[in-house]
Structure formats: structure tokens, C-alpha cells
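Okay, structure first, notes after.
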Amino acid sequence: MEPLIHFMIPFAALTLYGMDLRKALPLSLLALLPDFDVLFFVHRSFSHSILVVVGFMAPILVLAYRFRPRLYSYAVMALLVLASHLVLDVFAGYTPILWPLYGYSIWIQAGLTVHMGSSPSLALRVELPTKPTTFQPFRGLDAPLFTGEGLILSIMLLIPVLLKAYYK
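When you line the sequence shown up against this note's numbering, it's residues 367 to 534, in that order.
Structure below.
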């Protein structure tokens, strides 16, 4: 999944939930963190595991709850934002979402196809292919920061956010 969508989905959700834009912006940027593994020439690595993300966030959640209760809800939101990245990726390609408990990367493939003809029909397809998880370094990576589809989806998500802020 492209970075623009990873950012825009939690940003739209947080702002439409009622969070102030100045707070939603930095929280939504956290959704990009799992892809920083590319700086180490590996992609979809352990940073894409929900167990690793929860393990990383657990002490932050406990400390916020214990010592800064008013920040606890932001810590929970941060966990949800990070998790949104993993959920989006597991629908876009093989993702080690359950690593190290499960040594396979998972890809959820789902679709509903309509056939229009002499005999109209619907075909539901849900597949869960897996492959062994290996964190292999790459020599180079060409990946879009955004695509045309991602750009228009992001604009469509941004419009209600801006309208809500304008008419507030």
C-alpha cells in the first residue's frame, strides 16, 4: 500500500472522529513508521508484525496510563494508527502480521465479481495465501509514494475533513 493512503485513512478517521487537526496530523504520520524498514534495505519486515507493534506500544500504554492518564487515549490512538498500516498491507500483499508466532506471511485476497449476461451471477472469492516469512535485504526498491488511485481516494477522504473543519 502506498504511503499516502497509509497516512490519509487514519487522518480522515481521526478528524471525523472529532480529533483536532493539529493532533490528528502527527498521530497519522505514525502510520508511516512500519515502512521505515526500507531504510535498512528490507521491506515488510518485523515492523509489519502486530505482535511487534503491540510489544513496542505496551510499555508506552502502561506508562501513559500510570503517569499521564490524559495522554493514554492518544497512546491507544497511536496503536490503532500503527495497526491500520498492517491491516491495509495484509490486504495488499504478503505481510508477516503474526510473526514470530506464525512463520508465514499472509495475504488476504477478497473480491465480489458480478457477471451480467443471460444468467447473471455473483462470485465471492476469499483466499488466504501464505508464504514462508523471510527478511531478505534488497539491492534497490522502486515503490510509488502515491498513485492516481491513491491520490483521488486521498482527496475524497480529505474533502469531508476540510468541510467539517470549515463549517465547525
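Heads up, the beta-carbon is just placed ideally off N, CA and C, and yes, glycines get one too. Remember, predicted model here, so these are calculated numbers, not experimental data.
Closest to residue i by C-alpha separation, out of the options, would be which residue?
i	options	result
residue 412	465, 486, 508	465
residue 455	440, 473, 439	473
residue 467	437, 482, 416	416
residue 380	500, 527, 435	527
residue 516	458, 505, 530	458
residue 579	423, 389, 501	What the structure shows of the chain is the stretch from 367 to 534, and residue 579 is not part of that stretch, so it cannot be assessed.
residue 367	532, 514, 525	514
Would residue i and residue j be called neighbours here (beta carbons separated by less than 9 Å)?
i	j	result
residue 385	residue 523	no
residue 445	residue 419	yes
residue 469	residue 498	yes
residue 447	residue 376	yes
residue 371	residue 519	yes
residue 443	residue 393	yes
residue 551	residue 493	One cannot answer for residue 551 here, as it falls past the ends of the chain, which runs 367 to 534.
residue 462	residue 410	yes
residue 440	residue 431	no
residue 534	residue 382	no
Quick one: measure Cβ to Cβ for residue i and residue j, integer angstroms, because I've assumed they're closer than 8 Å.
i	j	result
residue 404	residue 503	Not confirmed; about 11 Å, so no contact.
residue 488	residue 480	6 Å
Open item on the list: Measuring CB atoms only, is the stretch 395–410 touching the stretch 445–459, in the sense that at least three cross pairs come out at less than 8 Å?
Closed with: yes
Open item on the list: Give the list of continuous alpha helix (DSSP H) stretches no shorter than 4 residues that lie fully inside the stretch 455–499.
Closed with: none
- [ ] Note down, one range per segment and in chain order, each beta strand (DSSP E) of at least 3 residues found wholly within the stretch 433–457.
- [x] none
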